[in-house]
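Residue numbers (our numbering), protein chains in the order written: chain A, 76 to 539; chain B, 5 to 390.
Each residue gets a CB set at the ideal place from its N, CA and C atoms; glycine is no exception.
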């Protein structure tokens with residue numbers, strides 16, 4: 076089910092919301108959130124709810140183990156078993172075919188005639204997100220950062236919370252632990268306005284900006300090999316903005332939905348195209364993932380405390396795995412390595428970089444990120460190379476149709492993402508003014524009209 | 005003292021409360037109006053940008069896409085309605101010249117809504133997919149189909165308009181079910197009396213969009229269909245078809261034969277396609293609703309008669325083709341019962357189904373050595389036109 080679909084807006088959300096607030100007991104609310112999470116997820120493919128239930132149960136039992144046992148051996152068992160189970164689930168469903176294909180390709184390179192068949196495996200939507208939810212819960216419990224819950228439905232409500240189930244943000248248990256605990260006493264009206272407002276801003280980002288850009292970018296990308304250099308730059312710029320507004324839109328909607336149900340979901344995007352350097356970019360882009368990679372991978376590897384070479388290795392390994400998390404493809408690995416390299420180079424030349432004017436740093440950073448998205452968007456290296464060669468070797472080719480609309484859409488997206496306020500800036504005030512309701516109503520009206528016209532398009536990050 | 009104060013303040017409080025409720029209600033109403041206004045404006049602006057529909061136009065399917073004049077029922081030149089856009093000659097394909105391109109084969113597709121394209125994504129209707137498959141050679145596919153065309157109407161369209169474009173190949177996908185309507189199809193006549201002047205009554209574009217999006221629950225749709233059918237059916241003896249009506253079958257066959265003769269007279273090759281549906285034989289339980297909905301257009305028939313007539317019509321199509329040395333592509337034998345290739349009504353194609361039928365037609369065109377451009381015939385046609 077998509078947030079930007081009528082079945083969600085007209086049926087699922089009103090019913091879920093009404094029943095949730097009619098229930099008074101905290102356990103009943105946990106159960107209701109669990110049920111609705113499974114309905115939300117099962118709407119796509121009911122079979123895969125079993126997978127999520129299994130992952131939830133294993134992690135919950137491990138949490139109970141941490142509460143019961145204090146000896147190191149058993150605690151380590153409680154850490155290893157569920158984490159390995161989650162990683163196996165992820166591996167089987169997401170990376171099996173990638174491994175088989177890569178093995179076949181490697182064998183061909185070595186002159187061996189091995190053709191491993193591709194298995195018919197469907198990638199369950201959002202598996203990368205909910206397995207990360209459970210893994211962070213287990214690791215935090217092991218480290219003693221959180222106290223695991225004894226209430227099964229509290230935990231299952233956390234894992235299957237529909238607002239962040241399929242495309243994040245990757246909310247850690249500790250981030251919403253207190254809100255989950257207070258769910259029985261939460262005042263419905265306290266954050267309602269804020270929730271509705273966040274949701275509508277996210278919907279505008281997705282339906283108005285990202286989908287408009289998609290309508291321009293997708294047809295152009297279908298003929299990427301024939302585009303002129305200028306057209307390629309415009310197309311990649313369009314994709315750069317589309318990806319941001321698509322994902323940030325989803326995250327803002329998730330934050331809004333969280334508020335409506337009394338849960339404060341943390342910020343996932345902080346105007347990443349305002350970043351002045353690679354390090355700044357990763358503090359602003361997909362914050363929940365980059366902070367997870369930092370806390371559960373980069374720092375355990377040694378972080379930046381063990382000398383320059385180890386730091387370089389740690390950065391590259393972290394970003395490589397971050398790339399692989401996004402998708403089982405060598406282009407995602409290349410994308411991760413590219414960003415890892417940017418981070419390494421930035422560490423080396425930070426003092427030089429800092430001397431540049433802020434506008435130059437922001438523009439240069441934007442171009443560097445755009446180049447990275449070439450690998451992200453490409454299905455293989457041939458496509459990536461073709462796009463890169465078109466970007467950097469000016470030449471004739473097909474121009475883009477509807478140039479006026481392109482210019483307008485790009486200019487608006489550029490202003491909003493590089494200079495304008497993000498969703499959290501817009502909600503700096505605790506209580507918005509009453510006339511703000513008119514702006515929200517108008518924005519919602521525009522979104523509804525566009526959704527009814529062009530249909531609901533899925534979010535780009537669902538594939539991960 | 006307190007009691008006195010309360011007695012004085014109570015009506016005052018209730019008045020204040022009433023005023024507050026009133027203010028809140030006005031506020032909510034104003035917000036709702038703002039929502040509707042913004043949605044309507046956005047719908048119009050998007051239609052303008054995406055489809056080229058004028059901001060203050062009142063779109064109407066029949067008026068914007070169909071032209072019914074003394075020549076025939078045909079596509080309105082430069083007609084536009086939602087995703088459907090017609091070219092300068094009223095055909096659903098790219099802009100074209102009247103004369104076929106030199107040394108290229110012009111293929112004209114004739115038929116009703118299945119060929120015109122209804123539920124497919126833009127550019128996925130079968131003639132468009134056929135053009136895509138034939139792109140490697142020099143072929144031009146002209147989609148002259150229009151919704152609701154019976155074989156009689158196709159004959160009129162061909163004689164009055166289609167033949168002007170001198171196609172080398174004419175592909176016809178006839179819809180037999182029209183022959184089970186209350187009365188057998190006749191030659192369409194231009195509307196009698198004056199055509200209502202001015203645009204149709206003004207409507208909200210938003211409501212139109214809502215209609216496209218909102219899918220009524222199955223039980224409501226079932227009730228609606230049942231009511232419509234009950235309203236159309238008569239209890240007169242002999243009114244309902246007890247078996248496949250021979251007279252209607254004969255009529256279908258005769259009309260098809262006339263069409264074949266007309267096309268062959270122009271020197272073009274005609275390819276008849278047998279009509280396919282996604283209904284299984286016998287229809288599955290899941291298909292019953294769609295089958296009943298189809299009956300609304302032929303209330304004199306039962307579901308069994310309707311499907312039997314489809315089979316008889318397919319045989320008739322093949323029979324006519326063999327007798328008149330026309331070509332035939334048996335779409336029915338390939339696609340019948342494959343619900344996955346059809347839209348929810350099991351009659352119109354979805355993107356995949358349109359691809360299948362396009363592939364079948366393309367296979368025929370590419371394999372038939374006789375399908376070539378005929379400059380001499382075109383020259384003759386040009387002279388005749390002059």
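Secondary structure of residue i, DSSP reduced to three states
i	result
residue 202 (chain A)	helix
residue 504 (chain A)	coil
residue 456 (chain A)	helix
residue 185 (chain A)	coil
residue 345 (chain B)	helix
residue 88 (chain B)	strand
residue 16 (chain A)	Not covered by the structure: residue 16 (chain A). The range shown for chain A is 76 to 539.
residue 165 (chain A)	helix
residue 122 (chain A)	helix
residue 305 (chain B)	coil
residue 376 (chain A)	coil
residue 302 (chain A)	strand
residue 188 (chain B)	coil
residue 98 (chain B)	coil
residue 137 (chain A)	helix
residue 43 (chain B)	helix
residue 473 (chain A)	strand
Host beta strand (DSSP E) of residue i (start-end)
i	result
residue 143 (chain B)	143-147
residue 72 (chain B)	70-72
residue 226 (chain B)	Not the beta strand (DSSP E): residue 226 (chain B) falls in the alpha helix (DSSP H), residues 222-236.
residue 183 (chain B)	Residue 183 (chain B) -> no beta strand (DSSP E), and no H or E assigned at all.
residue 274 (chain B)	273-277
residue 78 (chain B)	77-79
residue 331 (chain B)	331-333
residue 116 (chain A)	Per DSSP, residue 116 (chain A) belongs to no beta strand (DSSP E); it is in the alpha helix (DSSP H), 101-117.
residue 177 (chain B)	173-177
Beta-carbon gap between residue i and residue j smaller than 8 Å
i	j	result
residue 337 (chain A)	residue 258 (chain A)	yes
residue 406 (chain A)	residue 356 (chain A)	no
residue 343 (chain A)	residue 496 (chain A)	no
residue 193 (chain B)	residue 146 (chain B)	no
residue 415 (chain A)	residue 394 (chain A)	yes
residue 270 (chain B)	residue 167 (chain B)	yes
residue 485 (chain A)	residue 313 (chain A)	yes
residue 384 (chain A)	residue 398 (chain A)	no
residue 421 (chain A)	residue 476 (chain A)	no
residue 114 (chain B)	residue 149 (chain B)	yes
residue 256 (chain B)	residue 317 (chain B)	yes
residue 347 (chain A)	residue 319 (chain A)	yes
residue 213 (chain B)	residue 527 (chain A)	yes
residue 164 (chain A)	residue 126 (chain A)	yes
residue 228 (chain A)	residue 498 (chain A)	no
residue 55 (chain B)	residue 86 (chain B)	yes
Buried versus exposed call for residue i [16 or more other C-beta atoms within 10 Å across all chains shown]
i	result
residue 327 (chain B)	exposed
residue 135 (chain B)	buried
residue 143 (chain B)	buried
residue 308 (chain B)	exposed
residue 474 (chain A)	exposed
residue 28 (chain B)	exposed
residue 239 (chain A)	buried
Terminal residues of the alpha helix (DSSP H) in which residue i lies
i	result
residue 270 (chain A)	267-278
residue 254 (chain B)	250-269
residue 365 (chain B)	355-371
residue 423 (chain A)	405-423
residue 233 (chain A)	227-234
residue 367 (chain A)	362-368
residue 402 (chain A)	No alpha helix (DSSP H) holds residue 402 (chain A); DSSP gives it neither H nor E.
residue 83 (chain A)	Premise fails: residue 83 (chain A) is in no alpha helix (DSSP H) and is neither H nor E.
residue 492 (chain A)	478-493
residue 299 (chain B)	292-299
residue 296 (chain A)	286-297
Next on the checklist: Runs of 4 residues minimum, wholly inside the stretch 105-152 of chain B: which ones carry the alpha helix (DSSP H) assignment?
Outcome noted: Annotation note: the stretch 105-152 of chain B contains the following uninterrupted alpha helix (DSSP H) runs of length 4 or greater, listed N- to C-terminal: 117-120 and 130-137.
Worksheet item: Going along the chain, which unbroken runs of the beta strand (DSSP E) with 3 or more residues stay wholly within the stretch 308-346 of chain A?
Response: Listed in chain order, there is nothing to give.
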